[in-house]
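Data block below; observations after.
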Amino acid sequence: EAPLDPMRVPLAGARLIEASAGTGKTWTITALLLRLVLEHDIPVSRILVVTYTNAATRELRSRIRQVLVKAARSLRSQNQAAVSLLTDEPISPDIALHRIRRAILDFDEAAIFTIHGFCQRVLSNRAFESAMPFEAKLLPDESGLLREVVDDFWRLNVYSADPLWASYLLNQRADDPDHLLQGLRHVVGRSYLQVTPLPPLEDTAPSEQAQEVAFQALKILWANECETIRDLLMNHAGLNRNVFRLASIPQWFTQMDDFLDRPQPDFNLFGLFHRFNHFQTSVLQTPKSLKKGCDGPRHAFFNACDRYAETHAALLSLFDLRYQHLQRALFDYTNHELQERKKDRHVQSYEDLLTRLQRALKTSQGNALAETLRADYQAALVDEFQDTDPVQYDILQRIFIDGALPTFLIGDPKQAIYSFRGADIFSYLRARRTLRERHRLGTNWRSSDRLLQAVNALFGGGAHANPFCFKDIPFNPAAGAPNQRPELTDDSSLKAALVCWHLKREVPEKPLSKEHARQVASAGAANEIVRLLTDQPRLGERTLAAQDIAVLVRTHHEADWIEHSLRRAGVPTIRQTQGSVFETDEATDLERILIAIANPTLEASVRVALLTELLGHDADDLERLAADAGQWDKRLGDFHRYRALWHDHGFARMFRKLVTNEGLHQRLLTYTDGERRLTNVLHLGELLQAQAGPRGATTALLKWFNRQRDIPTGDQDEWLLRLESDADRVRIVTIHASKGLEYPVVFCPFTFGGELRVSPNGPLVFHDAQSDSLTVDFGSAADSVGLIRAREAAFAENLRLLYVALTRAQSRCYITWGAVNDAATAPLAWLLHHREQDPGQNLIEALTSQVRSLTDDDIAADLQRVAQQAKGAMIVTAPPNTHARYQLPNAGSLQSAARVFSRQLPLKRRMHSFTALSRDQETDLPDHDSLIQRRPDISTDPLRFPRGARAGTCLHRILETVDFTDPLQGPQRTTINQLLRAGGFSEEWGDNVVNLLQRVLATPLDGQRLADITREQRCDELEFYYPLASLTADALKALLSQHRFGHGSLANDWVERLQFETAAGYLHGFIDLVFESKGRYFVVDYKSNDLGPRDEDYAPERLLATMVQEHYLLQYLIYTLAVHRYLRLRLPDYDYEQHFGGVYYLFLRGMNPVSEKPSGIYFDRPSAAMVEDLDRLIDGS
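Take the working numbering: the final residue in the sequence shown is number 1184, and no numbers are missing along the way.
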């Protein structure tokens, strides 16, 4: 592989470029594109640039445009020397400037895509050639559909399992569809996978019968001989009491009781019974179980336990095979069913885009399609090529590589760390074997010379030739750039750029536990970070800042460890991970709150919402609220108002009000991780609003939210956790999230971790050397080739992850190593201690055996060997144990404060309602009276029905639901009871409500009664919108005064006091009831206000005072206009005087059909002239 000079490499044919970390890959891509524009005069719309994430696409687009703009500036002088800096071709300055300017002007058409975006563009633009269905919509995330398919498979194949098979599945933790789904995710839809055949299924019935017989024999012996067996194990003189501890035996007997208490064998209980073998003769008679020279206890039960263990093992092997066939059946079912359902629903996933384009290129018309695409794209630059898969590589090969177009495949196999996303490192290696033109970028522009020296020694200075496990991935030492990154100048005794903390055993020959090692390493990292921040070392011309330091981790659990240590040391931190915001605790809490808001009448949901950390109540708070009915009703009223705001004005407005009213900012910021929590809440709010749209339906949005939380894939960039602050803080970053980033100082405190994430119970994916293809194996034998190869592939990827982590550092990096449990399979074990082995030997087993045999001195010797090869750039030392605490710099005595916003922003066009106009609130609320101060005794007296928001809402709902003309008994009484329960009231209030309704329905309304109004004559909860040109309080007052509205009464004072901000946009509201009687239409508004216990309290003069006080006069004018406009559109011969009957405000508690004087009824009929003038005022005419 020759070193690459981007300014001189020929722009012809296919070339593979290995770009090691920090060697300027992005700069190389921009330079090659610039040359293609200048030298070949190719428009930017015909130069295909492909990368693998949306974020990388955005970055490339930005960087390329910046380079084009800089090139244009340098060419403005029309100087030939400026051209020579950009290309060796003899191009005149004016032609070069013209081509660059055209590229800038056409940059919106630049063909910079993800691989999926490119395939989508081809399939849509070339629909006929690619046989693309026209109606197919893109399904960005098929997790929901995949879950649906797996659930169906579960119901068909597992739901009816017999108890024994079900207990096996439970023991395998496969007792629900989620387990099968997790194992399926990384293999389904990958058409290129070769499947290893399974042995044929065997009949399990004989083995099940044999186990049943052995189990029943055990039960009988245990029932009859339990005390004898207990006496033998507790008192036998020959047993080794270090193995058969007297304190442990009673627990074994309890477990045996539980196991044999079942009517039939249970795999799960047996799997949890870890000491069952201590009841077996074959174990009791071993030298380990006995004192020297002694014979062990003997009993028929012990022999029966041996027999049962044998039958269990035989059946277990058959069930293991059956489980493998179940997984294979699921794999086949899902691959078929997923495609069928997507076809039926006219949707396609991102992976479908790839497979459909590949399929189109393989047809008889494939060559013609490829020729067409070569005409569309005259050159190709493929970024992150190491993350390709066989389908992507096949597409690129058929279109570009085989077409001899200028094609540059740029990547680094040492940074291939995305196998969980389907990336296949062997596709890159296949291209390396195939392509003749191979280059490498060997100059590192990121790291300091001393750090490069240390990393080169670690990966390239070992005794073996394969630092990345596969011989096809060599390590070429990187050279430092002329303008080196500055060294970190702090402790004069610490000249090294790579610091390795050596963890030594506390007990000879006993490795450290992983938990203890994590504690020591995280504490050491915290102590060293405190020292760096306190000493303020120089980094070139400036002082090292907290944001210059990053701690890299593999998992969220490791992030928790280091975050805890740093916070305990007073170090400000920030986490940057690739987790989904839907997986957070805040998502759980917010869902519970939204459920309560959507159903505020369900008090249980409200209590659950109040107990979330977002709302901050505890059990004591709920108990106090329950004891104070007024406060409880007030709290329920908050949820009703949120519900109304959501319904009327959309999710965003409700969410802002929720955050403000509930004090989420103040409450969450009291936590140590408060900024993280608050960021998650606000992020979730944005995502929910984006999904809801301006007026998203409540139920649909909650279903969507639950679905995302149920299967949070995190595949979409906008779902990833955001940084909670841009302040000067130490970064905690997962290694995967750090790829492409760089930091002056990097800590990798947990490099002793040797977890190989390969489950023998799930599908195993590995590269089969014989077929040169990715293979999936559903077998799980411990010595199977599939399991060995899968573990080797995971180990090799861990090595690449270590390389990515160390190469994020610019000036210094810290790692940790020592004799720790499972460290034998860590990447550093391979780099530091690997010795040559037989070619046929199991790589992982051989390495594990080698490392476990090492003493602390052996480990130290290997570390010092690498340190010597680094020539002083690496140092080996113990982790600092200073228990230091960081003191934040004194920010000074000045108290910062936000500027006071004094201007008044005019709200132009928006949604208005009666409530907003009259009370400067934001939405119509349910009618209710003042909050109750006591919880009344249940009574049949209508006036004693509870007051408050819930009561008013409940009465409204009942009036909307019941048929006025039918008796309020039988089915109607059942309905009333149901609505009472839904409203949070006991059914014992039913008689009270029936009495109240009977009074309301029977009270005469100027010769008519509601009891005579049929369903066909009424319209409940009539919702209206009508446009509002521009309405001012002065204009409305002038109109009302002109028509002498309320003249000579309290209403006149109300007109004079009327004030509201200028309103424009729409008027919106709900009318409780509009009914027709004898050809005339009446407006009814129910009021549950409690004005007193006597009929006189509901006399007309008292009602007028209430109407004025509550601004109901304005409300019924709005309602009158709404019905006037509605009737004008619906009735051909509409006439206000003839058809509009008037407005009734029914104060329910005061209505009495036998009262001598009018009670509880306010009636008015505005004049036709005033309504017409109001109509013209509202629409601006």
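Cβ coordinates follow ideal geometry from the N, Cα and C atoms, glycine included.
query, result
"E21, enclosing beta strand (DSSP E) - first and last residue", "A17 to A22"
"Of the residues R104, V86, I103 and R105, the one placed nearest P96, counting alpha carbons only", "V86"
"Beta-bridge pairing of P1030 - partner residues as DSSP gives them", "Y1069"
"The stretch 511-524 in contact with the stretch 820-829 per 3-pair CB rule at 8 angstroms", "yes"
"Buried/exposed call for Q212, threshold 16 Cβ in 10 Å", "exposed"
"For V350 and R646, the rounded distance between their alpha carbons", "34 angstroms"
"Proximity of V748 and L891 at Cβ, strictly below 8 angstroms", "no"
"DSSP beta-bridge partners of R545", "L542"
"E1024 - DSSP class collapsed to helix/strand/coil", "strand"
"L1008 versus P970: straight-line alpha-carbon distance, rounded", "20 angstroms"
"Same chain only: Cβ atoms within 7 angstroms of L1177, ignoring 5 sequence neighbours per side", "L1042, L1120 and L1124"
"Whole-number beta carbon distance between L384 and V52, since they are thought to touch under 8 angstroms", "5 angstroms"
"Distance CB(D641)-CB(N664) smaller than 8 angstroms", "yes"
"Beta-carbon spacing of R811, A553 below 8 angstroms", "yes"
"In DSSP terms, what S776 is bridged to", "D771"
"M877, DSSP secondary structure in three states", "strand"
"L1061 versus G1049 - alpha carbon distance", "13 angstroms"
"Coarse secondary structure for D930, derived from DSSP in three states", "The predicted position of D930 is uncertain, since its pLDDT is 43 and thus under 50; a value taken from the coordinates is nonetheless stated next. Three-state result, D930: coil."
"Coarse secondary structure for N683, derived from DSSP in three states", "helix"
"Distance between R38 and A15 (C-alpha atoms, nearest Å)", "12 angstroms"
"Where the alpha helix (DSSP H) through C472 begins and ends", "Segment: none, C472 is in no alpha helix (DSSP H) and carries neither H nor E."
"Short Cβ contact (8 angstroms threshold) for Y55 with I118", "yes"
"Check whether L235 and P300 have beta carbons under 8 angstroms apart", "yes"
"First and last residue of the uninterrupted beta strand (DSSP E) at K1040", "It is not in any beta strand (DSSP E) - K1040 instead sits in the alpha helix (DSSP H) that spans A1036 to Q1045."
"The ligand NAD heavy atom lying under 7 angstroms from the CB of I398", "In the structure on display, the ligand NAD does not appear, and there are no ligands present to speak of."
"Under 8 angstroms between C-beta atoms of R803 and K417", "yes"
"First through last residue of the beta strand (DSSP E) which encompasses K1090", "R1083 to K1090"
"Among A703, T737 and Q327, nearest to E205 - alpha-carbon criterion", "Q327"
"E566 classed as buried or exposed, judged by whether at least 16 other C-beta atoms fall within 10 angstroms", "buried"
"Limits of the unbroken beta strand (DSSP E) element including R710", "Run containing R710: none in the beta strand (DSSP E); it sits in the alpha helix (DSSP H), T701 to D713."
"Proximity below 8 angstroms, CB of T880 to CB of W504", "yes"
"Residue range of the alpha helix (DSSP H) that includes A457", "D452 to G463"
"Alpha-carbon to alpha-carbon, A1014 and R976", "16 angstroms"
"Local conformation of D1075 per DSSP, three classes", "strand"
"Distance, G186 Cα to G789 Cα", "15 angstroms"
"Rounded C-alpha distance that separates R950 from V611", "24 angstroms"
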